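Protein chains in written order, with this note's numbering: chain A, 174 to 477; chain B, 3 to 318.
All C-beta atoms, glycine included, are put in the ideal place defined by N, C-alpha and C.
Since the structure is predicted, the reported quantities are computational estimates derived from the model, not experimental observations.
Report on one structure; see the data block that follows.
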C-alpha cells in the first residue's frame, strides 16, 4: 500500500471537508466557547442521568476490551465537557487531565470532582491551537480521549492528539454529520420541505463525521477496534425550555431571527401536552480505539 | 437497544437470490442500518430510465480520455491487483457496469476471460466490436444489477475477480452483497471518496450556475452518494471492515488533462447541450467563460476529486 500518498490525500480531503463545514456552520473559536458554555447545564445533567451513565459504561467497556485499565492510568480528555468520561474514569482510579474550550463546562466538572474528591485537573484550552510541548503533554498519557468533540477536526488536530499518547487513543463522533431527526419538523416550519433536506447532511458544526478520521488512522496502518451505536430516545421537557434549546441550536448556525423565534415558540406551545413537549431524537455514532504504543497495530479482535 | 428495523427486515426478504450473504455481526448490522438510512430514494430512477440515459451516452462515453491517461490508469490497476496477489492471465472476471469496456478490454487483453455486464446495450455493442476486432475473450450480458438474479445468470461463486468500478450499479448493501456473492476470491471496487480541496471563497461561479442550468443533481451514484457527492466509498469500506476484512486501499486524485480553451468550449457546449437546446447567448457565455479563464491559451484543471480503489479477498 502506498501509505504516505494515502495519508496525504486523506489529510487534504478531511481538511477540505472540514473547511466546508466551518463555512456552512460559521463556527469560530470564540463563538464555540460561548455556545458550549451556554449548554453546560444541559450537558451536566447527562453525567448523572441514566442515559449518560449507560453511554459512558459502554465506552469504558470498549476501552477495556482493547486492553486499557483505568486504575493508575494517566488520561487526557480533549473536549471533556462536564466530565461525562473524566468523572467515571477518575472514579476508577485514573488521573485525568480534562481540557475544554468552555469555562462553563469546566465549572460543572469542578463541582463533580470536588464532591467526590477525584483526581481530575480541569484546564481551559482550545485544542485547535494547543501547544502540547509547552503544556508538557507529548507522549505523557496512557489514554487520550476525543469523545464527540469538535476539538479534533482535521489531520493536524488528530496528529496532535496521537502525539500525546504513549498507548491508547479513543475517538468518537457522529456518523455522517449529526443527529438525524433532531427537530426536523422545525426546519420544515422555517424553511419548507426542501430546506429541511438540504440541511440534513451536516449536523451542528460537527463536520463530516467519522469517515475521515477512521480512514486516516487506517491509512497510517492501524486497525482500530470499532463500534457503532444507534440510539433513539425521547426527552420530555417544559415546552418553553425545549423551544429555547432548538433556538440555541439554530443560533449556533446563525440562522434564527426574531420572526423565526416567534414561529418556533408558537410551534412548541401548540404541540405541548399539559405544558410538556416530547422531543424524539435519533443518532448514529461511531467509536474507535487504537493502540499506538505496541508493535501490534491491530487493536480489534480477529473476526473469522 | 433495538436492532431490527423495518429496513433490516426488508433486506432479509428482499433479495431471495442472496441466500448466502456474508455472515454479519451486531456491529456490521448497525453499519448496514446506517447505510440504508443514508441511501437516497431508490425508486426515483428506474432500470428503464437508467438504460436510456446510458445508451444516449454510449457513442462517446469514455472517448474523451486520452490514450496515455487510459494506459496509466490500467497499468495502475494491474499493479494494484498484483500487489493483492491477482494476475489476470487465465482468470474469470466479472465487470459490473462495464460501460464501453475501459477495464474489460485491457483485462481481456492481458489474458483474462471477461464477462462484461451493463444496463446499456449501446455500451455492450462497442465492447463486442472491439472484442471481435482484437479476438478477445469477452462475453457481454445486458441487465440491471439492481434486479439481477445471479443464480439464473449462473454467476454465483463463479469468478476469480469481480469488478465494480465507478458504477451506479452498486448502490446499497443488497447490490454490494450480490457482487461479493459472485466471487470465489477477489473483489475490486472503485468509487468516489471526497474532495481534496475546498472551493476558495473567491472562486468564480461554476458554469452551470452562470448559465442557470441544473447540473448533475439527484443522480444516485454509488453507495449512498450522488454523482460527486458524499463519501460513497466509505459505506462499502466500513461494511467490509466490520465484517472482518481489511481491504487494501489506494486513493487517487482524478486529474483532468490540460486543454486549449477552444477545445474546452467545444466539450462544454456538447455536454450542456445534451439535455437541452442552448441559446446563442448561452453558447457565447460558455465561450467567454473559458476564454477569460485561459492562461497562455490553456485551461488547467486543478485536481479536486478523490476516488479510492480497494481490493479484498472474499474468502479471507
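At what residues does the beta strand (DSSP E) containing residue 293 of chain A begin and finish? Position 120 of the first chain, counting from 1, holds the residue named residue 293 of chain A. Counted as a single uninterrupted DSSP element, the beta strand (DSSP E) harbouring residue 293 of chain A occupies residues 293-297.
Test item: CB-CB of residue 412 of chain A and residue 387 of chain A under 8 Å: One-based indexing of the first chain puts residue 412 of chain A at position 239. One-based indexing of the first chain puts residue 387 of chain A at position 214. Against a cut-off of 8 Å, the Cβ pair of residue 387 of chain A and residue 412 of chain A comes out as no contact.
Cα-Cα separation between residue 315 of chain B and residue 188 of chain B, rounded to whole angstroms: Along the second chain, read from residue 1 onward, the residue named residue 315 of chain B stands at position 313. Along the second chain, read from residue 1 onward, the residue named residue 188 of chain B stands at position 186. Between the alpha carbons of residue 315 of chain B and residue 188 of chain B lies a gap of roughly 4 Å.
Does the CB of residue 233 of chain B have a neighbour CB from chain A at under 8 Å? What you label residue 233 of chain B is simply residue 231 of the second chain in a count that begins at 1. The predicted position of residue 233 of chain B is uncertain, since its pLDDT is 45 and thus under 50; a value taken from the coordinates is nonetheless stated next. It does: the Cβ of residue 233 of chain B has a partner Cβ on chain A nearer than 8 Å.
Residue 400 of chain A touches chain B at which residues, Cβ-Cβ below 8 Å? The residue given as residue 400 of chain A occupies position 227 in the first chain. Residues of chain B passing the Cβ test: 29.
C-alpha distance - residue 396 of chain A paired with residue 248 of chain B, whole-angstrom precision: Counting from 1 along the first chain, the entry for residue 396 of chain A is found at position 223. Counting from 1 along the second chain, the entry for residue 248 of chain B is found at position 246. Cα to Cα, residue 396 of chain A sits roughly 8 Å from residue 248 of chain B.
Sequence-distant residues of its chain with Cβ nearer than 7 Å to residue 275 of chain A (five each side left out): Within the first chain, numbered from 1, the residue matching residue 275 of chain A stands at position 102. Excluding sequence neighbours, residue 275 of chain A sits near 206, 209, 210, 213.
Which chain A residues are close to residue 32 of chain B, counting only those with a beta carbon under 8 Å from its beta carbon? As a position in the second chain, residue 32 of chain B is number 30, starting the count at 1. Think of a sphere of 8 Å around the beta carbon of residue 32 of chain B: the chain A residues whose beta carbon falls inside it are 401, 402, 403, 457, in chain order.
Threshold first: 4 residues or longer. Then list the alpha helix (DSSP H) segments lying entirely within the stretch 199-272 of chain A, N to C. 202-211, 213-221, 223-238, 259-264, all fully within the stretch 199-272 of chain A.
At a CB-CB cut-off below 7 Å, which residues of chain A make contact with residue 308 of chain B? Start at 1 with the first residue of the second chain, and residue 308 of chain B comes out as number 306. Under the 7 Å cutoff, chain A gives 182, 186.
Step through the CB atoms of chain A and report whether any lies within less than 8 Å of the CB of residue 195 of chain B. If you number the second chain from 1, residue 195 of chain B lands on position 193. It does; some Cβ of chain A falls within 8 Å.
Report the residue from A/465, A/452, A/336, A/348 whose alpha carbon sits nearest the alpha carbon of residue 394 of chain A. Here residue 394 of chain A refers to the residue found at position 221 when the first chain is read from its first residue. Looking at A/465, A/452, A/336, A/348, the one whose alpha-carbon comes closest to that of residue 394 of chain A is A/465.
What number of angstroms, rounded off, separates the C-alpha of residue 183 of chain A from the C-alpha of residue 443 of chain A? In the first chain, the residue the question calls residue 183 of chain A occupies position 10. In the first chain, the residue the question calls residue 443 of chain A occupies position 270. Counting only the Cα atoms, residue 443 of chain A lies some 47 Å from residue 183 of chain A.
Run the CB neighbour count on residue 176 of chain B, radius 10 Å, all protein chains shown included, and call it buried at 16 or more, exposed below. Taking the first residue of the second chain as position 1, residue 176 of chain B is located at position 174. Answer is buried; the Cβ neighbour count reaches 16.
In the DSSP assignment, what residue or residues form a beta bridge with residue 453 of chain A? Here residue 453 of chain A refers to the residue found at position 280 when the first chain is read from its first residue. Partner(s): A/407.
DSSP state of residue 181 of chain A mapped onto helix, strand, coil: Position 8 of the first chain, counted from the start, is the residue given in the question as residue 181 of chain A. In the structure shown, residue 181 of chain A sits in a helix (DSSP, three-state: H, G or I).
Neighbour flag for residue 319 of chain B against chain A, beta carbons, 8 Å: The structure shown does not extend to residue 319 of chain B, since chain B spans only 3 to 318, so no value can be given for it.
For residue 281 of chain B, does the count of other Cβ atoms within 10 angstroms reach 16, so buried, or fall short, so exposed? Start at 1 with the first residue of the second chain, and residue 281 of chain B comes out as number 279. Residue 281 of chain B comes out exposed.
Mind listing the chain A neighbours of residue 57 of chain B? Cutoff is C-beta to C-beta under 8 Å, in chain order. As a position in the second chain, residue 57 of chain B is number 55, starting the count at 1. Chain A residues near residue 57 of chain B: none, gap ~30 Å exceeds 8 Å.
What does residue 179 of chain A touch in chain B if you count any residue whose Cβ is under 8 Å from its own? If you number the first chain from 1, residue 179 of chain A lands on position 6. By Cβ distance, chain B contributes 251, 252, 253.
For the pair the stretch 108-117 of chain B and the stretch 80-92 of chain B, tell me if three or more CB-CB distances fall below 8 Å. In short, these stretches touch, since the Cβ pair count reaches three.
Roughly how many angstroms lie between the CA atoms of residue 295 of chain A and residue 246 of chain A, to the nearest whole one? Sequence index remark: in the first chain, residue 295 of chain A carries index 122 (1-based). Sequence index remark: in the first chain, residue 246 of chain A carries index 73 (1-based). The alpha-carbon separation between residue 295 of chain A and residue 246 of chain A amounts to approximately 17 Å.
Spatial neighbours of residue 262 of chain A within its chain, please: CB distance less than 6 Å, with the 5 preceding and 5 following residues excluded, ordered by chain position. Stepping through the first chain from its first residue, residue 262 of chain A is reached at position 89. These residues qualify, in order along the chain: 243, 248, 269.
Return the first residue and the last residue of the alpha helix (DSSP H) that residue 165 of chain B is part of. Position 163 of the second chain, counting from 1, holds the residue named residue 165 of chain B. Where residue 165 of chain B is concerned, there is no enclosing alpha helix (DSSP H), although the beta strand (DSSP E) it sits in stretches over 161-167.
Does residue 117 of chain B come within less than 8 Å of chain C when only Cβ atoms are used? The chain inventory of the structure shown lacks chain C, comprising the protein chains A and B.
Give the single residue among B/289, B/178, B/134 whose Cα lies nearest to the Cα of residue 168 of chain B. Here the question's residue 168 of chain B lines up with position 166 in the second chain. The shortest C-alpha separation from residue 168 of chain B is found at B/178.
Against residue 35 of chain B, what residues of chain A qualify as contacts under a CB-to-CB distance less than 9 Å, listed in chain order? The count along the second chain starts at 1 and reaches residue 35 of chain B at position 33. Against chain A, the beta carbon of residue 35 of chain B has neighbours under 9 Å at 401, 403, 457, listed in chain order.
Checking the sheet assignment: what are the DSSP bridge partners for residue 314 of chain A? As a first step, residue 314 of chain A is located in the first chain; it is residue number 141 there, counting from the start. Answer is A/338.
So what does DSSP say about residue 58 of chain B, is it helix, strand or coil? On the second chain, position 56 is the one that residue 58 of chain B refers to. Note: residue 58 of chain B maps to helix in three-state DSSP.
Examine the ligand NAD and report whether any of its heavy atoms sits within less than 7 Å of the Cβ of residue 315 of chain A. Only the bare structure without any ligand can be found here, which leaves the ligand NAD out of the picture.
Name the chain A residues whose beta carbon is nearer than 7 Å to that of residue 312 of chain B? Along the second chain, read from residue 1 onward, the residue named residue 312 of chain B stands at position 310. Against chain A, a Cβ distance below 7 Å from residue 312 of chain B picks out nothing, because the smallest value is about 10 Å.
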